[in-house]
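Chemist: One structure coming up, written as structure tokens, with questions to follow.
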Amino acid sequence: MLVLTMLAACSRDGSAPAIEIQRVPDNGIHPRIVMDEWGDTHLLYFRAGMSETETYLGHLFYTRYDHSSDEWLPAVQVSSEPFNYKDPIYRANIAVGGEGRVHIVWYVDRPARFLYARSDINKRVFETPVLIQGPQLDGVDAGADIATYNNRVALVWGAGDLMREDQRSIVMLESPDFGDSFDDAVLISDAALGVCACCALSAEFNQSGELFVSYRSAVNNTGRHMQTLVVTQNAHGDVQSSYLPVHGLSEWDIASCPVSTNDMVRDVSGDYWLAYESQNQLLTMNLTDITEPQRISDQATATREKHPAMAFNLAGYQLIAWGEGGGFFSGGLLRRAMFDPEGNKVELPDLHDTEIPDRSFVAVMVKPDGDFVLMY
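Residue numbers (our numbering): 7 to 382.
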């Protein structure tokens with residue numbers, strides 16, 4: 007199971023869950039963890055080649071967590087051709103659809119493009135990856151995200167002239183039939199806001215079938231604020247978009263791209279939360295109630311907080327993990343924070359100097375007993 011250590015995270019009454027620390031199986035990187043509506047936990051990760059000549063080439067692998075044995079099942083290869091792994095903004099993404107199939111999208115370069123693959127219903131094998139094609143792929147320079155709702159599968163990414171970020175747009179490609187086919191891609195964002203070229207985005211359907219898309223804008227090439235787009239469809243299938251308000255803490259005026267990622271998850275009450283970076287610090291906010299963003303750390307740090315991952319257990323405890331450190335390519339030092347159901351911060355023991363592998367990030371999962379697993 008590759009458990010490295012167990013940290014007991016105790017609140018004042020001793021009721022807070024424990025945090026288990028794991029390395030990604032097979033010494034992999036880029037872990038992405040999702041829990042489906044049936045309570046199963048799914049892991050997607052990248053494993054590089056073993057020889058020196060294949061250091062940056064590898065494949066995507068998928069596995070599920072076996073609750074009875076408390077272990078990950080043998081992994082299944084997703085990609086059919088090796089590809090060059092890159093930075094966290096190019097991460098592959100995973101979702102589980104209404105049929106129980108696993109849906110995955112990932113970025114490959116030279117030329118830049120996306121591949122999509124889905125599993126069989128039993129999740130034992132993946133279909134041959136499909137190349138995403140169309141006119142809305144110019145200037146792709148970060149990964150796409152994927153979200154599912156009943157029979158719908160949506161792929162979302164940013165595209166447009168890399169030299170005119172203020173004119174870039176968010177693109178959505180949707181399947182109405184569990185991924186059997188896809189409609190034409192449509193632009194869903196406000197063109198006046200632009201899209202930061204090399205920041206990743208996140209997308210999730212809420213329980214009403216509205217699609218939340220959180221991404222970094224590029225207003226006048228400097229307003230790199232965190233935007234959350236709400237996409238709906240009317241009875242005729244026409245796409246309509248609106249925006250949640252942008253809080254002052256979510257604004258970030260900077261000329262260059264900060265190369266950031268964010269994470270969106272649902273809590274036990276059905277509310278959707280976002281963890282994201284602004285001005286080198288991480289924040290979290292409730293997208294459903296549109297609450298004021300809260301800083302995750304207690305004070306400003308001399309280094310950058312980046313690439314957050316987040317999860318809630320059934321008792322309402324929230325765990326957020328991230329890397330701390332400068333540079334675009336270093337994983338940084340592993341950091342985490344826990345909040346109780348009332349939003350109070352839980353005191354955690356020191357992690358010492360656990361380092362996330364270069365070009366990678368962390369993932370968080372919840373075990374059936376409510377304890378957390380932090381994977382890096």
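By construction, the Cβ of each residue, glycine as well, lies at the ideal position given by its N, Cα and C atoms. Quick caveat, the model's predicted, so the values are computed rather than measured.
1. Expressed to the nearest angstrom, what Euclidean distance is found between the alpha-carbon atoms of Gly229 and Ser284?
2. Would you tell me roughly how many angstroms separate the C-alpha atoms of Val352 and Met232, rounded to the nearest one?
3. Taking the beta strand (DSSP E) that Ile25 belongs to, which residues open and close that run?
4. Quick one: using the 10 Å Cβ neighbour count with 16 as the cut-off for buried, is Pro355 buried or exposed?
5. Which of the three DSSP states, helix, strand or coil, is assigned to Val314?
6. Using the C-alpha atoms, what's the distance from Phe335 back to Asp42?
7. Are there 16 or more other CB atoms within 10 angstroms of the CB of His242, so buried, or fewer, so exposed?
8. Starting from the Cα of Ser74, find the closest Cα among Gly55, Leu66, Thr47 and Asp93 and give me that residue.
9. Is the stretch 136 to 154 touching the stretch 163 to 174 in the sense that three or more CB pairs, one from each, lie closer than 8 Å?
10. Could you have a look at Ala369 and say whether DSSP puts it in helix, strand or coil?
11. Among Pro347, Thr360, Asn350 and Glu171, which one has its Cα closest to the Cα of Leu339?
12. Going by DSSP, what residues sit across from Ala261 in a beta bridge?
13. Under the three-state reduction of DSSP, which class applies to Met7: helix, strand or coil?
14. Assuming Val162 and Val219 make a contact with CB atoms under 8 Å, what is their CB distance in whole Å?
15. Using the three-state DSSP reduction, which class does Tyr382 fall into: helix, strand or coil?
16. Buried or exposed: Gln139, going by 16 or more other Cβ atoms within 10 Å of its Cβ?
17. State the Cα-Cα distance for the pair Arg70 and Asn226, rounded to the nearest angstrom.
18. So what does Ala101 bridge to, in DSSP terms?
19. DSSP on Gly276, reduced to helix/strand/coil?
20. In whole angstroms, what is the alpha-carbon distance linking Arg130 and Glu257?
21. Check Tyr62 in the structure and name its three-state DSSP category.
22. Give the straight-line distance between the Cα atoms of Gly103 and Glu180, rounded to the nearest whole angstrom.
23. Evaluate contact between the stretch 269 to 279 and the stretch 242 to 255, counting only Cβ atoms and requiring at least three cross-stretch pairs below 8 Å.
24. Can you tell me the Cβ-Cβ gap for Phe67 and Gly34, rounded? I've got them flagged as a contact below 8 Å.
25. So, is Arg124 buried or exposed, given that buried needs 16 or more other C-beta atoms within 10 angstroms?
26. Compare the C-alpha of Leu207 against each of Ala148, Ala191 and Asp32 and name the closest.
27. Mind checking who Lys92 pairs with in its DSSP beta bridge?
28. Run through the stretch 155 to 225 for me and flag every whole beta strand (DSSP E) of 3 or more residues, listed as ranges in chain order.
29. Give the list of continuous beta strand (DSSP E) stretches no shorter than 3 residues that lie fully inside the stretch 310 to 354.
30. Return the residue from the list Arg222, Asp186, Thr154 and Ala191 that minimises the CA-CA distance to Phe211.
31. So, are the CB atoms of Glu330 and Arg341 less than 8 Å apart?
32. To the nearest angstrom, report how far apart Glu26 and Asp186 are at their CA atoms.
33. On a CA-only basis, which of Asp76, Asp377 and Val108 is nearest Trp44? Give me that one, please.
34. DSSP three-state call for Ser247: helix, strand or coil?
35. Measure the alpha-carbon distance for Pro117 versus Ala150 and round it to whole angstroms.
Modeler: The structure says:
1. Rounded to whole angstroms, Gly229 to Ser284 spans 11 Å at the Cα level.
2. Roughly 27 Å between the two C-alpha positions.
3. Start and end: Ile25 to Gln28.
4. By the neighbour-count rule (16 or more Cβ atoms within 10 Å), Pro355 is not buried but exposed.
5. In the sequence under discussion, the amino acid at residue 314 is Pro, which differs from the Val named in the question. Here Pro314 sits in strand by DSSP.
6. Their Cα atoms are separated by approximately 31 Å.
7. When all chains shown are included, His242 counts as exposed.
8. Between Ser74 and the set Gly55, Leu66, Thr47 and Asp93, the nearest pair of CA atoms involves Thr47.
9. Verdict: yes, contact present.
10. Here Ala369 sits in strand by DSSP.
11. Of the candidates Pro347, Thr360, Asn350 and Glu171, the one whose C-alpha sits nearest the C-alpha of Leu339 is Thr360.
12. Per DSSP, Ala261 has no beta-bridge partner at all.
13. Any reading at Met7 must be qualified, since the residue scores a pLDDT of 32, below 50, and its modelled position is unreliable; the value itself is stated next. Met7 carries a coil assignment under DSSP once its states are collapsed to helix, strand and coil.
14. Contact check for Val162 and Val219: beta-carbon distance about 6 Å, within the 8 Å limit, so the pair qualifies.
15. If DSSP states are grouped into helix, strand and coil, Tyr382 belongs with coil.
16. Answer is exposed; the Cβ neighbour count stays below 16.
17. If I take the Cα positions, the gap works out to 44 Å.
18. DSSP lists His109 as partners of Ala101.
19. DSSP, reduced to helix, strand and coil, places Gly276 outside both helices and strands of the structure shown, so it counts as coil.
20. Straight-line spacing of the CA atoms in Arg130 and Glu257 works out to 44 Å.
21. For Tyr62, the three-state secondary structure derived from DSSP is coil.
22. Looking at the two C-alpha atoms, the distance is approximately 13 Å.
23. Taking 8 Å as the limit for Cβ pairs, the verdict is that the stretch 242 to 255 does not touch the stretch 269 to 279.
24. That belief holds up - the Cβ atoms of Phe67 and Gly34 are roughly 7 Å apart, short of 8 Å.
25. Buried: at least 16 other Cβ atoms inside 10 Å.
26. Minimum Cα distance to Leu207 is reached at Ala148.
27. Beta-bridge partners of Lys92 (DSSP): none assigned.
28. Those beta strand (DSSP E) runs which fall completely within the stretch 155 to 225 and span 3+ residues are 158 to 165, 175 to 181, 208 to 211 and 217 to 222.
29. Fully enclosed beta strand (DSSP E) runs of 3 or longer: 311 to 318, 324 to 330 and 339 to 345.
30. That would be Thr154, whose Cα lies nearest to the Cα of Phe211.
31. In this structure, Arg341 lies closer than 8 Å to Glu330 by Cβ.
32. A straight-line Cα-Cα distance of about 38 Å links Glu26 and Asp186.
33. The shortest C-alpha separation from Trp44 is found at Val108.
34. In this structure, Ser247 counts as strand in the three-state DSSP scheme.
35. Rounded to whole angstroms, Pro117 to Ala150 spans 15 Å at the Cα level.
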